[in-house]
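For the sequence shown, my numbering gives the first residue as 1, with consecutive numbering after it. For each residue, glycine too, the CB sits at the ideal point set by N, CA and C. All of these numbers come straight from a predicted model, not from anything done at the bench. To start, the structure under review is shown below, and the notes come after it.
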Amino acid sequence: MINSLRGMRDFLDNDGALYERVVGVCAKVAQNFGFAFIETPKLEETALFRRSVGESSDIVGKEMYEFSDKGGESICLRPEGTAGVVRAFLQAKLDKAGGIKRWFYHGSMFRYERPQRGRQREFHQFGIECFGISDAREDAAIIILAKRILDELGIKATLKLNSLGNKESMSEFKTKLESYAKGCANELCEDCARRINTNILRILDCKNEKCQALLKDAPSVLDSLDDECKKDFELVQNLLKNAGVEYELDDRLVRGLDYYSKSAFEFVSDEIGAKAAVIGGGRYDGLISELGGKSTPAVGWAMGIERIMEILGAKESAIQRDGIYLCALEPAFIDEIFALGCELRKTHKVEISYEAKAPAKHLGAADKKGAKVFLCLGSDEKAKGEIWYKNLENKSEKHIKISELKGAL
Ligand code: HAM
């Protein structure tokens, strides 16, 4: 028996339907905000992620599926979507062309993490990226967009919001934080002690309780913001308030990827274990020039689709009944319902049963398939030129003339 790899899974039956539903809702809302579909390869040069996500991040340091191809080139299964979309933007020379690009994408991402609840090695993201707008209104717009998606899916999550400032204010903050952390370096956990020299920001989101206590009085990134960053951050907050989007300020939110500046945010839910992020993102104005392009502002986020599916899967209402289950009680009628089913399939989703069975067995099968409508041809119906109709959602039943069926559906 060959099984799927550890931390990788199949989407069967309800999972497949749920995946399609989540992506469908996300795409529809994103399109309303002006985003268009983009697809980029799942394999990229390793250097792309080293230079964008950052050498000092856990993703690059520990989690990449990185290997040499048959030509000896170092390639990598994408651990996230942003870097590939930025690469596509640069390759098409859209940085030179100027203007605005808004794209959404979805698909597999790969991180060699320890598999656990809400954390797989192959997982799926729905993400959006906007290039060419420095106006903080776009930061607010994409957060509102994320909230609309969560609302439409019926998911409650807390929005945590921070500003990481620009290059100058970040560098000032890092110096302050470093000198604070050095003062208690001997007491910090091993990881944090190492991070003082490699990735000082990440000590702020260390889960170790002792580190958290030691860093309680650490400097706040918000105190280092310059006037422009402060003004932008206030604008984002005001626009969110006006849109009725609640948020919590969290000056410890630093994100696990190195490319962020200014707005950084996460939507966290406690429905999948201890406060896991279902959406994370922010502004990354420096990344495009970092990768060799003409300096272009950018902002975006990505959602963990499995995490959303796990929350939805626990709610019965998430599984929506859909389509028709068409069947017969006598073997002699099967060819007739086959022809009828093929006709109905021009406009409806129809499952045709090729077996004659007792009504209860057919009803059970229709229920299992998640059909919304049950249509059945038995001897009595056949004699009257009718079909037995049952709505499996509200349980109403009637007989409909086959000649009038299309209109009645
Ligand atoms: P990220 O925070 O690394 O950001 O991932 C975004 C989301 O992907 C997380 O909030 C989580 O829901 C999901 N996720 C991450 N790792 C796993 C995993 N191992 N298993 C299941 N779900 C996971 C990014 O990837 C950025 N590219 C987001 C972004 C786009 N920033 C700007 N634009």
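Cβ neighbours of A157 in the same chain (closer than 7 Å, five flanking residues each side left out): Within the sequence shown, residue 157 is the residue found at index 157, counting from 1. Excluding positions up to five away in sequence, the list reads L150, F267, V268, S269 and V278.
Please report the distance separating the alpha-carbon of S52 from that of G323. The residue you call residue 52 lines up with position 52 of the sequence shown. The residue you call residue 323 lines up with position 323 of the sequence shown. Roughly 45 Å separates the two Cα atoms.
Regarding Q125 and ligand 1, is the C-beta to nearest heavy atom distance less than 8 Å? Reading the sequence shown from its first residue, position 125 is the one you call residue 125. Yes, Cβ of Q125 sits closer than 8 Å to a heavy atom of ligand 1.
Can you tell which of T175, L409 and E355 has the C-alpha that lies nearest to the C-alpha of G378? Here the question's residue 378 lines up with position 378 in the sequence shown. For G378, the nearest C-alpha among the options comes from E355.
Integer Cβ distance of A223 from K262, believed to fall under 8 Å: What you label residue 223 is simply residue 223 of the sequence shown in a count that begins at 1. What you label residue 262 is simply residue 262 of the sequence shown in a count that begins at 1. Per the sequence presented here, residue 223 reads as Asp, with Ala not at that position. Contact doesn't hold; Cβ gap of about 15 Å is too wide.
Beta-carbon contacts of L77 that lie in its chain and below 7 Å, excluding the five residues immediately before and after: Taking the sequence shown and counting its residues from 1, one reaches residue 77 at position 77. Correct list, in chain order: K42, L43, Y65 and F110.
Examine ligand 1 and report whether any of its heavy atoms sits within less than 8 Å of the Cβ of E129. In the sequence shown, counting from the first residue as 1, residue 129 sits at position 129. Within the cutoff, so yes.
Just to confirm, does W103 get its C-beta within under 8 Å of one of the non-hydrogen atoms of ligand 1? Position 103 of the sequence shown, counting from 1, holds the residue named residue 103. No, the beta carbon of W103 sits no closer than 8 Å to any heavy atom of ligand 1.
The segment 94 to 106 / the segment 22 to 36 touching (three or more Cβ pairs under 8 Å): yes
E397 (DSSP reduced to helix, strand or coil): Against the sequence shown, residue 397 aligns to sequence position 397. Looking at E397 - three-state DSSP - the assignment turns out to be strand.
Any non-hydrogen atom of ligand 1 closer than 8 Å to E266 Cβ: For the purposes of this step, residue 266 is taken as the residue at position 266 of the sequence shown. Yes, since a heavy atom of ligand 1 falls inside the 8 Å radius drawn around the Cβ of E266.
Could you spell out where the alpha helix (DSSP H) holding A264 opens and where it closes? Within the sequence shown, residue 264 is the residue found at index 264, counting from 1. Where A264 is concerned, there is no enclosing alpha helix (DSSP H), although the beta strand (DSSP E) it sits in stretches over S261 to S269.
At a cut of 8 Å, does the segment 297 to 308 reach the segment 128 to 137 through at least three beta carbon pairs? yes
Across which residues does DSSP place M8 in a beta bridge pair? Here residue 8 corresponds to residue number 8 of the sequence shown, with the count starting at 1. M8 pairs with nothing; no bridge assigned.
Indicate, with yes or no, if ligand 1 has a heavy atom lying under 8 Å from the CB of T296. Indexing the sequence shown from 1 puts residue 296 at position 296. Shortest gap from the CB of T296 to any heavy atom of ligand 1: 8 Å or more.
List the whole-angstrom C-beta distance separating A218 from L177, where the pair is believed to meet the contact cut-off of C-beta under 8 Å. Counting from 1 along the sequence shown, the entry for residue 218 is found at position 218. Counting from 1 along the sequence shown, the entry for residue 177 is found at position 177. That pair is a contact at about 6 Å.
For ligand 1, is there any heavy atom lying closer than 8 Å to the beta carbon of I59? The count along the sequence shown starts at 1 and reaches residue 59 at position 59. Taking the Cβ of I59 as the reference point, at least one heavy atom of ligand 1 falls within a distance shorter than 8 Å.
Apart from the five residues on each side of it in sequence, which residues of its chain come closer than 8 Å, Cβ to Cβ, to E410? This structure cannot speak to residue 410, because the chain is shown only from 1 to 409.
Would T198 be called buried (16 or more neighbouring beta carbons within 10 Å of its own) or exposed? Taking the sequence shown and counting its residues from 1, one reaches residue 198 at position 198. Exposed, by the Cβ-count rule.
Would you give the residue range spanned by the alpha helix (DSSP H) that T198 belongs to? Taking the first residue of the sequence shown as 1, we reach residue 198 at position 198. Run containing T198: E190 to T198, per the alpha helix (DSSP H) assignment.
Are the segment 359 to 378 and the segment 321 to 340 in contact at 8 Å, needing three or more beta carbon pairs? yes
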